[in-house]
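Chemist: Residue numbers (this note's numbering), protein chains in the order written: chain A, 18 to 129; chain B, 196 to 308.
(1) Please report the Cβ distance between residue 95 of chain A and residue 126 of chain A, rounded to the nearest whole angstrom; I am assuming they are in contact, meaning their Cβ atoms lie under 8 Å.
(2) State yes or no: is the beta carbon of residue 203 of chain B nearer than 7 Å to at least one beta carbon in chain A?
(3) How about residue 250 of chain B: is its Cβ closer than 6 Å to a heavy atom in the ligand PLP?
(4) Output needed in chain order: residues of the region 207-241 of chain B with a Cβ under 9 Å from some Cβ in chain A.
(5) Once DSSP output is grouped into helix, strand and coil, what is the label at residue 276 of chain B?
(6) Quick check: the region 198-207 of chain B against the region 85-99 of chain A, are there 3 or more CB pairs under 8 Å?
(7) Secondary structure at residue 36 of chain A, three-state DSSP: helix, strand or coil?
(8) In angstroms, rounded to a whole number, what distance separates the CA positions of residue 110 of chain A and residue 67 of chain A?
(9) Is DSSP giving residue 70 of chain A helix, strand or coil here?
(10) Between residue 269 of chain B and the rest of its own chain, which residues show a CB-CB distance below 6 Å, the 5 nearest in sequence each way excluded?
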């Protein structure tokens with residue numbers, strides 16, 4: 018079945034560490050997105066990519082980095098510069114001309 | 196700046212008690228308005244896209260409607276399995292800038308048997 022796979026489901030980060038969240042899709046979608054979800058807040062856009070080897074900052078890109086070397090993959094790195102990284106991270110994808118987004122099941126990141 | 200406001204924040208209904216969730220938005224040009232359902236610890240699941248005022252879409256016990264300023268998600272005779280957080284999002288019609296969706300904070304719906 019086609020879909021988006023996020024891994025790991027749970028991730029723990031120590032202070033000063035960089036961690037990478039994986040996002041893979043087999044839907045042949047062109048665009049991919051990373052959102053952050055905090056309790057009591059809406060989803061906020063971190064980064065998005067509409068084509069391989071190109072990506073754009075969203076509303077809260079500081080402390081995060083991404084790459085898009087393959088159409089299927091859009092990993093997100095949470096760097097030590099992100100001071101409040103504890104959150105639920107969601108990856109999504111969409112096809113050009115198709116306005117429906119498909120979301121992954123999320124990664125819950127906790128700072129320990 | 197786009198703004199999406201959902202109300203109420205939380206709603207508790209008895210099974211079979213119909214109600215509506217509201218999503219009001221301000222955007223310079225609407226490309227699409229989206230409704231999603233999200234269960235705890237999971238990613239949002241797509242429900243509907245609405246593109247223009249007057250448009251309506253239905254799926255089982257859910258019906259979404261759109262005006263120029265707001266959208267309603269009507270839930271008819273809900274069942275306990277309809278309990279979830281319902282998210283509204285808008286996408287602005289623009290030639291550049293962020294192409295992502297702007298989300299509201301959601302309405303947490305609980306249906307009691």
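We put the beta carbon where it would ideally sit given N, CA and C, even for glycine.
Values in this document were obtained by computation on a predicted structure and should not be read as measured data.
Modeler: By the coordinates alone:
(1) Mapped onto the first chain, residue 95 of chain A falls at position 78. Mapped onto the first chain, residue 126 of chain A falls at position 109. Confirmed, Cβ separation roughly 6 Å.
(2) Taking the second chain and counting its residues from 1, one reaches residue 203 of chain B at position 8. The Cβ of residue 203 of chain B sits no closer than 7 Å to any Cβ of chain A.
(3) This structure does not include the ligand PLP; it has no bound ligands of any sort.
(4) Listed by position along the chain: 226, 227, 229, 231, 233, 236, 237, 238, 239, 240, 241.
(5) Within the second chain, the letter at position 81 stands for residue 276 of chain B. Helix.
(6) With the cut-off at 8 Å, the region 198-207 of chain B and the region 85-99 of chain A do not touch.
(7) Here residue 36 of chain A refers to the residue found at position 19 of the first chain. In this structure, residue 36 of chain A counts as strand in the three-state DSSP scheme.
(8) In the first chain, counting from the first residue as 1, residue 110 of chain A sits at position 93. In the first chain, counting from the first residue as 1, residue 67 of chain A sits at position 50. The alpha-carbon atoms of residue 110 of chain A and residue 67 of chain A are separated by roughly 9 Å.
(9) Position 53 of the first chain, counting from 1, holds the residue named residue 70 of chain A. The answer is coil: DSSP assigns residue 70 of chain A none of H, G, I, E or B.
(10) The residue you call residue 269 of chain B lines up with position 74 of the second chain. Same-chain partners within the cutoff: 215, 258.
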